[in-house]
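Working notes for the structure below.
Numbering (this note's numbering), first residue to last: 1065 to 1798.
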């Protein structure tokens, strides 16, 4: 099936008609530290000049780097190598940090611009690597004089007009060409170079060159832009050192992240925050390159203190964290943020490599934080928009009068998917229509409680439009898995209830949904989908759902299409990773936020022994406040809950008892949590219940409700046995 490159970027198209870009719509890139075995690493980050458009920022250079212009007359700043950032979606994302070096072509003026590194002593095995965005089609002169219109515009004469050269200078010697990108393409056809254009100009790409000829010598590296009428060039992450393994990991597939705030404008957290369950085994999977004799070391937050622990296991597994509370005994999300683990890999002949996932992780609760005294609540998404960016996918309409959304609905969407499916070969009545978008979810070892959600989008929708938000379990079917016929939870929202930002012809908006009853995402099923439908409707003019934009390790966004073929109609599910944007395949997820939390209810007590008394207080540890907890108990027991956090308390009381012994239960519960206690009370004045009964014999057996039963042929269950010495204990009959 054909793969499309989205050359029209959605936010840039949207902004031309008056929309406001969402906050934090750029991806956060971790800044790499220089490592052992690396002689030079520079990604142009440490200027401490936040305004990247200022002259000071643009002309800044790292220590001992130089800029040399041989262009005559000397051009202004932007026509030499200058420091810049991803100012809009017209610019590529840096490969590291927030900045890169770039320059712009003047036009017909011959440019000769140099960016030169400090002097570096080369060790055995060193390589030079860097990330660059280049446009090879612009390396050569084009037009009728140079191309044959009657032969697929192949070369009549291949003439270089622009070069990007990597140069080496040893001591006071002359500069030597290490690699000339234009010269390397001489002899290639226009078709071959066009294919390279998509690969080399879609994003900053890594290039590397061995430096074996310079081992033991001091050299400088020069990046030369030479020529005219070319295209812009971008450079980042220049490195000289031993080869580097790729160290990487991902947390358990079930991990959820802070998504967006439930506001009209899609706003993500300023950094990635993963949300993980408390009192449950956490897991980080090692995805590092395999290298013989390599060893790994994990450094991770100590669950029991403020320091760190280390392990040399390949994966980081079975780490348990408990919630932390403030002095008032209240759980505060931000005070339960931990630094992500650091994975360090070493091997003979390689530079030491470390990786730490950006952001932090939170144990328990929901996505929320305090800003200026107000609580900002975030939904949950399976990928972090703070890390991968937020955007929406659109293409230019055939009439060039606007765009249409790929993964939503608008004029042109139906035709796009029909053409995509049939390649223009459909028969009469055959079609492919996009009917729903979905995110794929995995359950954690503890239940995630979901009470609804919200969806971020862009477009124009009638007040009468109605959208549906559902959660389905995946069930085994014919050797595979498919969504169940009925959802676990469903909610609708009409266009009149959308939260609309800066209402106009086209606007950003958020669609809120609330389930009638919270639903649990737990290990009852192997996986789940969150589904949004209803947008393919006459009441919808333009609907473009927001999604993460840069590629992730996991592709969790899916599409549901209705396809008419050969007289029949069926449903197709496919991944959005089959479509590419400027960064590559869309390994991402939609902004289908879950309004969810990881709750807990814990107590060190299992059995409440009233003895010969009438009251008992039991300490609880609860995410929910007391008024959110439900208490059930045997008819002769009174039980209430008070407080919150680790100062929550269960109070149990009963009237004095005149018979020998009775047993009952107290159950405390809320969505996703439940704790049941056995309660035992004896006749006033008899001895306390003990578990070591010596040679005493059973004289009576009671159910937990207090009814005496025969000791013959007891059914499986839990009973209270009274012994001849007056003691009692629980019996488990299997």
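Ideal Cβ positions, reconstructed from N, Cα and C, are used throughout, including at glycine. Predicted, not measured: the structure shown is a model, and the values here were computed from it.
How many Å lie between residue 1626 and residue 1487 at the Cα? 16 Å
For residue 1227 versus residue 1292, is the C-beta distance shorter than 8 Å? no
With 16 other Cβ atoms within 10 Å as the buried cut-off, status of residue 1617: exposed
Exposed unless 16 or more other CB atoms sit within 10 angstroms - verdict on residue 1250: exposed
Less than 8 Å between the C-beta atoms of residue 1315 and residue 1338, yes or no? yes
Same chain, Cβ closer than 6 Å to residue 1735, five either side skipped, listed in chain order: 1513, 1582
Locate the beta strand (DSSP E) running through residue 1103, then write down its first and last residues. 1102-1106
Under a Cβ-count criterion, where at least 16 other Cβ atoms within 10 Å of its own Cβ denotes burial, should residue 1186 be classed as buried or exposed? buried
Kindly indicate which three-state DSSP category residue 1408 falls into: helix, strand or coil? strand
Would you verify that the beta carbon of residue 1611 is, or is not, closer than 8 Å to some beta carbon of chain B? Of the chains in the structure shown, none is chain B; there is only one protein chain.
Going by C-alpha distance, which of 1491, 1342, 1196 is nearest residue 1264? 1196
Between residue 1130 and the rest of its own chain, which residues show a CB-CB distance below 6 Å, the 5 nearest in sequence each way excluded? 1180
Going along the chain, which residues of its own chain have a beta-carbon closer than 7 Å to the beta-carbon of residue 1213, five neighbours each way excluded? none
Using the Cβ count rule (16 or more neighbours within 10 Å means buried), how would you classify residue 1467? buried
Coarse secondary structure for residue 1284, derived from DSSP in three states: strand
So which of 1175, 1237, 1257 has the shortest CA-CA distance to residue 1229? 1175
Residue 1264 - DSSP class collapsed to helix/strand/coil: helix
Give the secondary structure of residue 1111 by DSSP, where H, G and I count as helix, E and B as strand, and everything else as coil. coil
Where does residue 1750 fall in DSSP's three states? Legend: pLDDT at residue 1750 = 37, less than 50; position of this residue unreliable, value from coordinates given subsequently. Coil, per DSSP.
Which whole-angstrom value describes the C-beta separation of residue 1744 and residue 1668, a residue pair presumed to lie in contact below a C-beta threshold of 8 Å? 17 Å between Cβ atoms; not a contact.
Beta-carbon spacing of residue 1157, residue 1267 below 8 Å: yes
Which runs of the beta strand (DSSP E) fall wholly inside the region 1121-1180 and span at least 3 residues, in chain order? 1130-1133, 1146-1149, 1163-1167, 1175-1180
In whole angstroms, what separates the C-alpha of residue 1683 from that of residue 1366? 25 Å
Using CA coordinates, which residue listed in 1218, 1535, 1428 is at the minimum distance from residue 1665? 1428
Cβ neighbours of residue 1121 in the same chain (closer than 7 Å, five flanking residues each side left out): 1111, 1113, 1115, 1147
With DSSP run on the structure shown, which of helix, strand or coil describes residue 1708? coil
Expressed to the nearest angstrom, what Euclidean distance is found between the alpha-carbon atoms of residue 1286 and residue 1161? 22 Å
Alpha carbons only, please: which of 1525, 1639, 1653, 1495 is nearest the one belonging to residue 1042? Shown here, the chain extends from 1065 to 1798; a query on residue 1042 therefore has no answer.
Under the assumption that residue 1537 contacts residue 1548 (Cβ atoms under 8 Å), give the Cβ distance between them as a whole number of angstroms. 5 Å
Examine the Cβ distances between the region 1395-1406 and the region 1422-1440 and report whether three or more of them are shorter than 8 Å. yes
Once DSSP output is grouped into helix, strand and coil, what is the label at residue 1485? helix
On the CB-based measure, 16 or more other CB atoms within 10 Å of its CB, does residue 1611 come out buried or exposed? buried
Output yes or no for whether 8 Å exceeds the beta carbon distance between residue 1343 and residue 1510. yes
For the alpha helix (DSSP H) that residue 1508 lies in, which residues bound it at each end? Premise fails: residue 1508 is in no alpha helix (DSSP H) and is neither H nor E.
What residues in its chain sit with their C-beta under 6 Å from that of residue 1598, if we drop five residues either side in the sequence? 1530, 1531, 1532
Start-end ranges of the beta strand (DSSP E) lying completely within the region 1319-1376, minimum 3 residues: 1320-1325, 1337-1340, 1346-1350, 1359-1365, 1372-1375
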